[in-house]
Amino acid sequence: MPQLEVDGATLTYDDEGPRDAPRVPLVLVHGWTANRHRWDHQMAHFSERRRVIRLDLRGHGESTGAGVRTVAELARDVLALLDHLRVERFVLVGHSMGGMIAQTIALAHPERVERMALVGSIARMTYSRGRGLLMAASTLVPYRLFVAANIQRAFAPGHPREEIRAQIRASAATPREVVMTLYGAMRAFDVLDRAGEIRTPTLMVHGYHDVQLPVRQMLRMAKAYPDAVVRILDAGHELPLEKPAELTDVLDRFVSEKP
Numbered sequence: 006m007p008q009l010e011v012d013g014a015t016l017t018y019d020d021e022g023p024r025d026a027p028r029v030p031l032v033l034v035h036g037w038t039a040n041r042h043r044w045d046h047q048m049a050h051f052s053e054r055r056r057v058i059r060l061d062l063r064g065h066g067e068s069t070g071a072g073v074r075t076v077a078e079l080a081r082d083v084l085a086l087l088d089h090l091r092v093e094r095f096v097l098v099g100h101s102m103g104g105m106i107a108q109t110i111a112l113a114h115p116e117r118v119e120r121m122a123l124v125g126s127i128a129r130m131t132y133s134r135g136r137g138l139l140m141a142a143s144t145l146v147p148y149r150l151f152v153a154a155n156i157q158r159a160f161a162p163g164h165p166r167e168e169i170r171a172q173i174r175a176s177a178a179t180p181r182e183v184v185m186t187l188y189g190a191m192r193a194f195d196v197l198d199r200a201g202e203i204r205t206p207t208l209m210v211h212g213y214h215d216v217q218l219p220v221r222q223m224l225r226m227a228k229a230y231p232d233a234v235v236r237i238l239d240a241g242h243e244l245p246l247e248k249p250a251e252l253t254d255v256l257d258r259f260v261s262e263k264p
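Here it is in structure tokens:
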């Protein structure tokens, strides 16, 4: 896999699809404790006819590096990769924390983002009492148990247990320092009061059964956006894994519209 050195981190990424496609590249950004393979279904679909770029955020997947304290710093990593690849304008798709990164980029560089899709994401982090207690207990339980509790509740009831176990193993491979530091970064993330500044055409896709970031929080964000398109799917928080084909179809219809 190609890699790029950025500020003490080695970012692993994929850059696939035709370079001469008429539409701008699609950039896929994963969420907390995940990796670029969250987007396998979308990567396979979209790269047949347009350039698609995805990466492992620093400290995740096959990327190295730690010490990032804010979502804005992760956004700088994404932009550094796109600058390296000489991609000036793009469609940005972010899941969960990746959606926070996407909003940060759209606010800082609106001229570069043609369209934006926020998948299971919000503009201001607000934790439920249960989630707060889970995070508070994180220092008292083994790291793997903490990760398992978070991943288990990210899926809607009835999701295959073997797939959940596989995702727990993958997430537990993310260093604890990275996970806990970025938990703090997400907790501090708040661009809700600036949402009205984002004029980029935006799609918000959310799972009806999402208990990590409940639908009501997304709808609060949607109200603040000047012109948001909202789609609700019968899933939990992990839309790219729970409903890959449905998510791809919703994204395809949105990103295929003329700018």
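Numbering-wise (the numbering used here), the sequence shown opens with residue 6 and increments by one.
For glycine and all other residues, C-beta sits at the position ideal for the given N, C-alpha and C.
As the structure is a computational prediction, the values presented were derived from the model and not from experiment.
Compare the beta carbon distance of Val57 and Pro27 with 8 Å and say whether it is the shorter of the two. Counting from one through the sequence shown, the residue named residue 57 turns up at place 52. Counting from one through the sequence shown, the residue named residue 27 turns up at place 22. No, these two residues do not count as a Cβ contact at 8 Å.
Extent of the continuous alpha helix (DSSP H) to which Ala107 belongs: By one-based count along the sequence shown, residue 107 stands at place 102. Counting along the chain, the alpha helix (DSSP H) containing Ala107 begins and ends at Met102 to Ala113.
With a threshold of 8 Å, are at least 3 pairs of Cβ atoms found where one atom belongs to the region 43-59 and the other to the region 203-213? As far as the Cβ criterion goes, the region 43-59 does not touch the region 203-213, which means the pair count is below three.
Are the beta-carbon atoms belonging to Arg41 and His50 less than 8 Å from one another? Reading the sequence shown from its first residue, position 36 is the one you call residue 41. Reading the sequence shown from its first residue, position 45 is the one you call residue 50. Cβ atoms of Arg41 and His50: not closer than 8 Å.
For the beta strand (DSSP E) holding Leu88, just list the boundary residues, first then last. Locating residue 88 in the sequence shown gives position 83, where the first residue counts as 1. Note that residue 88 corresponds to Asp in the displayed sequence, not to Leu. Following the DSSP letters along the chain, one finds Asp88 in no beta strand (DSSP E) but inside the alpha helix (DSSP H) bounded by residues Val76 to His89.
For the putative contact between Gly125 and His242, defined by C-beta atoms under 8 Å, what is the C-beta separation to the nearest angstrom? For the purposes of this step, residue 125 is identified with residue 120 of the sequence shown, where counting begins at 1. For the purposes of this step, residue 242 is identified with residue 237 of the sequence shown, where counting begins at 1. That belief holds up - the Cβ atoms of Gly125 and His242 are roughly 5 Å apart, short of 8 Å.
Tell me where the beta strand (DSSP E) around Tyr265 begins and ends. Residue 265 is absent from the model: the chain starts at 6 and stops at 264.
Flag this pair as yes or no: are the beta carbons of Pro180 and Gly64 separated by less than 8 Å? As a position in the sequence shown, residue 180 is number 175, starting the count at 1. As a position in the sequence shown, residue 64 is number 59, starting the count at 1. For Pro180 and Gly64, yes; Cβs fall inside 8 Å.
Buried versus exposed, by CB contacts within 10 Å (16 or more), Ala178: Position 173 of the sequence shown, counted from the start, is the residue given in the question as residue 178. By the C-beta density criterion, Ala178 is exposed, having fewer than 16 other C-beta atoms within 10 angstroms.
Residues that DSSP places opposite Arg129 in a beta bridge: Taking the sequence shown and counting its residues from 1, one reaches residue 129 at position 124. Paired residue(s): Asp195.
Which residues DSSP lists as bridging Met209, in chain order: Within the sequence shown, the letter at position 204 stands for residue 209. Bridge partners of Met209: Leu123 and Val235.
Does the distance from the C-beta atom of Ala161 to that of Glu247 stay below 8 Å? Numbered from its first residue, the sequence shown carries residue 161 at position 156. Numbered from its first residue, the sequence shown carries residue 247 at position 242. Judged by beta-carbon spacing, Glu247 lies within the 8 Å limit of Ala161, meaning their Cβ atoms are closer than that value.
According to DSSP, Leu97 sits in a beta bridge with which residue or residues? As a working note, residue 97 is residue 92 in the sequence shown. Beta bridge pairing from DSSP links Leu97 with Val32 and Met121.
Counting beta carbon pairs with one atom in the region 83-100 and one in the region 190-204, are three or more of them shorter than 8 Å? The region 190-204 is not in contact with the region 83-100.
Using beta-carbon positions only, say whether Ser68 and Glu21 come within less than 8 Å of one another. Along the sequence shown, one-based indexing puts residue 68 at 63. Along the sequence shown, one-based indexing puts residue 21 at 16. No; because the gap between Cβ atoms is not below 8 Å, this pair is not in contact.
Spatially closest choice to Leu218 from Arg199, Pro115, Arg24 and Asn155, by CA coordinates: Along the sequence shown, one-based indexing puts residue 218 at 213. Cα-wise, what sits closest to Leu218 is Asn155.
When you compare the CB positions of Ile127 and Met223, do they come within less than 8 Å of one another, or not? Against the sequence shown, residue 127 aligns to sequence position 122. Against the sequence shown, residue 223 aligns to sequence position 218. Yes, these two residues count as a Cβ contact at 8 Å.
What residues are listed by DSSP as bridge partners for Val57? Reading the sequence shown from its first residue, position 52 is the one you call residue 57. Paired residues: Glu21 and Leu31.
From His46 to Asp12, what does the alpha carbon distance come to, in whole angstroms? Numbered from 1 along the sequence shown, position 41 holds the residue referred to as residue 46. Numbered from 1 along the sequence shown, position 7 holds the residue referred to as residue 12. Near 30 Å, if we compare the C-alpha coordinates of Asp12 and His46.
Contact check, Ser176 vs Ala80, beta carbons under 8 Å: Taking the sequence shown and counting its residues from 1, the one referred to as residue 176 is at position 171. Taking the sequence shown and counting its residues from 1, the one referred to as residue 80 is at position 75. With contacts defined as CB atoms closer than 8 Å, Ser176 and Ala80 fail to qualify as a contacting pair.
Three-state secondary structure (DSSP) of Glu67: Start at 1 with the first residue of the sequence shown, and residue 67 comes out as number 62. Note: Glu67 maps to coil in three-state DSSP.
Bridge partner(s) assigned by DSSP for Val11: On the sequence shown, position 6 is the one that residue 11 refers to. Val11 is bridged to Ala14.
In the DSSP assignment, find the unbroken alpha helix (DSSP H) run with Thr179 in it and report its ends. Numbered from its first residue, the sequence shown carries residue 179 at position 174. That residue, Thr179, is in no alpha helix (DSSP H); it is neither H nor E in DSSP.
Local conformation of Ile169 per DSSP, three classes: The count along the sequence shown starts at 1 and reaches residue 169 at position 164. Reduced to three states, the DSSP call for Ile169 is helix.
Beta-carbon proximity list for Met191, same chain, < 8 Å, skipping 5 on both sides: What you label residue 191 is simply residue 186 of the sequence shown in a count that begins at 1. By the criterion of a C-beta distance shorter than 8 Å, Met191 is surrounded in its chain by Trp37, Val76, Met102, Met105 and Met130, once the five residues flanking it on both sides are discounted.
Where His242 sits in the DSSP three-state scheme: Locating residue 242 in the sequence shown gives position 237, counting from the first residue. His242 falls in the coil class under three-state DSSP.
Could you check which residue in Glu251, Leu256, Glu10 and Trp44 has the C-alpha nearest to that of Leu86? Against the sequence shown, residue 86 aligns to sequence position 81. Per the Cα distances, Glu10.
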